[in-house]
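Residues in the sequence shown are numbered consecutively from 5, following the numbering used here.
Backbone N, C-alpha and C define an ideal beta-carbon position, used for all residues, glycine too.
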Amino acid sequence: MRTVALWWTFMGAAAAALPSPSTRNAQRATRNSAGRRLIVVRDGPRNVGAFRREGRVLLINSAGPEALARAGVEAPDVEWVLVTHHHRSAAEGLADLAAAGAKVAVPEAERDLFERAEAFWGDDALYRVHGYNFHPSPRTLRESVPVARGLTDGEVIEWRGLRVRALATPGPTAGGMSYLVEIDGETSTFIGDLMSGPGKLWEFYSLQGRRPLPDGGLMMEYHGFGDRAEDVLRSLEGLLGEGPARLIPSHGDVIEEPLQAVDALRRNLEACLANYCSISAARWYFAGARPEWPADVAPLARRLRPLPKWVREPGNTTRAIVAETGAALLMDAWGDTPQRIQAGQQRGELGRVEGLWITHYHDDHVGAVNALRAAQGCPVIAHETMADILRRPDAYRMPCLEPEPIAVDRVTGDRESWEWRGARLTAYSFPGQTLLDAALLVEVGKERVLFVGDSLGPGGIDDYCLQNRNLLGPGLGHDACLALLEELGPDCLLVNPHVEGAFAFTAAEVQEMRETLAQRRELLAQLLAWEDPNYGLDPQWVRCDPYFQRARPGEAVEWTVHVRNYSSGSRTAAVRLRAPEGWESGADRTSLRIRPGGAGSMRFVARVPERMAPGRVVVGFTLRYGGRELGELAEGVVAVEG
């Protein structure tokens, strides 16, 4: 039996997590591209399979033209492209290949996302507003491509003597497929983003899933941290049953020892999820939904405390501070809160509402803010971290987003204090449940209450939705929140409007949670194929502002792309705008150096064509970062109006 020749060709340098190849291997790949061999084209960290037969080429996933050219592949040579899943990273350059004559085969379960992409982008509820489920992902194609064939589980593609078998392998996407190719008795399996090298994942946020609840219902993906990990492992176990010689992921290193690699992934995932479960607030809200979350919450209920008499619970997610005069300062407003407040005033339980503090921007906390403000004539007060998302919600793509802008009358600085009717109030940044979160400390005499929004509960920390941008590290995310609790001490009561009454943690419990988070960062560093795990945890470390905007034909459209550097050293970020044909832009690419732990911003402008028909247009932004071409990591939506 002849040895299968597995050659590599690469484009660009790689970071430490993705070792660089030798120039020699890249050259050999190009020279040997005419035989029966499999070529793995490396486009930045992305892998694309290329098979050449009789002068034609079959690709598994697609790459940009420069990367293909390095492997001796030109667009007119490509006869078929088989795509593993609907993310743009698997379909780089796909539209150009299709335009040059290539036929495209995709998972039948995701076919609409390829040939009807515009329908996805036209439905705000799928990806932009009031979001509690995150699949399909807005990482999907920006424009439709024609599909020649939809593939189902077990289907075989026969091409010029090459046999490719498609297997359904749900994981980061529900309809993802893997492709098994046998050459000279050895099977190479293209697995999409099920793994990213031995024991590794490319990112974690796509694993939000829907877990069955004890009452027979389904948990929303918002609450399903890592719940697609089970799908990933089941899919990989099924592939191992096929006896592959190697697994080729869409991102990362080719896996030459599949059994050991999958076993390492299982261990890493189990360790991360056990760590998460041990201090999750979901233990209180979803008791019994996981084996690690006992149905009996009595041990957690010991943390409950009674409220001071000056804190009231009007209902929904609203809480009130009530002065001796009856005047009230409210926290958050949703649902029928305006009617509840008016009813309380009519009963004499509440007096004049003199202000409305917002803990965070989620729709179940701000959905009735505008109505309450209009009914009561009260000012809206918000911390500087979230004033912009309240005023310009269209500029963001975040979970549970309320699309109606909210006028903020007073913006507080961090740790700013003020007096209100005998109470001392202090505003704090509190990046717990979501990056754009705040807490309000209220002190009345010797009593102190910290209104924490949803960031903490009797079960622990509320970080079960990575789309909220839950960061890990000293002074980041919940570590910053817990540091504030240490500063305030265990006698400070905590109020979460989803929990009746108040609760508190001991100093030892706060320390344990901080230590658990520090360990989680180490565990995720082992799991994620990045130099810092926050790159694989934060889906918006590269983001477009505004995310959604309206424009008319002939108008100039502006975007700012923000890039956050989680690395320990400075990094150069080079961003390029991809706008549709006919959109005039000045400089469509720019770059800057970003300090460690910092962020950089780059501005782009393009003009809508004068004769543009009404409809939605999605522009993309590619990133070259630290020497790697990472592809299209951000997008912006423009509604062109007539």
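Given that a residue counts as buried once 16 or more other Cβ atoms are within 10 Å of its Cβ, and exposed if not, what is residue i?
| i | result |
| --- | --- |
| Leu22 | With a pLDDT of 29 at Leu22, under the threshold of 50, the predicted position of this residue should be treated as unreliable, though the coordinate-derived value follows. Leu22 comes out buried. |
| Tyr421 | The sequence as given places Ser at residue 421; Tyr does not occur at that position. Burial call: exposed. |
| Lys450 | exposed |
| Gly479 | exposed |
| Arg307 | buried |
| Lys313 | exposed |
| Pro409 | exposed |
| Val160 | exposed |
| Asp418 | exposed |
| Ala123 | exposed |
Given a cut-off of 8 angstroms on the beta-carbon distance, is the pair residue i and residue j in contact?
| i | j | result |
| --- | --- | --- |
| Arg250 | Leu497 | no |
| Val641 | Arg620 | yes |
| Pro176 | Arg232 | yes |
| Ala386 | Val357 | no |
| Pro342 | Gly359 | no |
| Pro557 | Arg615 | yes |
| His364 | Gly256 | no |
| Leu354 | Ile345 | yes |
| Tyr280 | Tyr136 | no |
| Arg525 | Pro537 | yes |
| Leu634 | Pro142 | no |
| Pro318 | Ala327 | no |
| Leu710 | Val44 | In this structure the chain extends from 5 to 646, so residue 710 is not present and cannot be described. |
| Leu470 | Gln212 | yes |
| Cys548 | Ala638 | yes |
| Ser200 | Ile252 | no |
| Pro69 | Ala54 | no |
| Val52 | Val110 | no |
Reducing DSSP to helix, strand and coil, say where residue i ends up.
| i | result |
| --- | --- |
| Asp47 | strand |
| Ala583 | coil |
| Ser239 | helix |
| Tyr432 | strand |
| Phe112 | Per the sequence presented here, residue 112 reads as Glu, with Phe not at that position. Helix at Glu112. |
| Pro600 | coil |
| Val373 | helix |
| Thr341 | helix |
| Ser459 | coil |
| Tyr226 | helix |
| Phe208 | coil |
| Arg287 | helix |
| Gly635 | strand |
| Trp314 | coil |
| Ser182 | strand |
| Gly359 | strand |
| Ala17 | Low per-residue confidence applies at Ala17: pLDDT is 30, beneath 50, and the placement is therefore not dependable, though the value from the model is reported in the following sentence. Coil. |
| Ala94 | helix |
| Pro298 | coil |
What span of residues does the alpha helix (DSSP H) with residue i cover, start to end?
| i | result |
| --- | --- |
| Leu269 | 262-282 |
| Thr88 | Element bounds for Thr88: n/a, residue is neither H nor E. |
| Met517 | 511-531 |
| Pro69 | 69-74 |
| Gly540 | 538-541 |
| Ile393 | 391-395 |
| Tyr131 | 128-131 |
To which residues of the same chain is residue i closer than 7 angstroms at the C-beta, ignoring the five residues directly before and after it?
| i | result |
| --- | --- |
| Arg518 | Asp483, Leu486 |
| Leu521 | Leu476, His482, Asp483 |
| Gly97 | Ser66, Ala67, Gly68, Pro69 |
Can you give me the start and stop residues for the beta strand (DSSP E) that residue i sits inside?
| i | result |
| --- | --- |
| Ala484 | No beta strand (DSSP E) holds Ala484; the alpha helix (DSSP H) holding it covers 481-492. |
| Phe625 | 619-629 |
| His369 | It is not in any beta strand (DSSP E) - His369 instead sits in the alpha helix (DSSP H) that spans 367-370. |
| Asp549 | 546-549 |
| Ala170 | 166-172 |
| Trp534 | No beta strand (DSSP E) holds Trp534; DSSP gives it neither H nor E. |
| Trp422 | 421-424 |
| Phe194 | 190-194 |
Skipping 5 residues on each side, what residues in its chain have a beta carbon closer than 8 angstroms to that of residue i?
| i | result |
| --- | --- |
| Ala555 | Val561, Val612, Val642, Ala643, Val644, Glu645 |
| Gln515 | Glu490 |
| Ser574 | Arg597, Ile598, Arg599, Pro600 |
| Thr626 | Val579, Arg580, Arg582, Glu633, Leu634, Gly635, Glu636, Leu637 |
Spatial neighbours of residue i within its chain, please: CB distance less than 6 angstroms, with the 5 preceding and 5 following residues excluded, ordered by chain position.
| i | result |
| --- | --- |
| Gly493 | none |
| Trp563 | Cys548, Phe608, Gly640 |
Are the C-beta of residue i and some C-beta of chain D separated by less than 8 angstroms?
| i | result |
| --- | --- |
| Leu240 | Given the protein chain composition of this structure (a single chain), no chain D is represented. |
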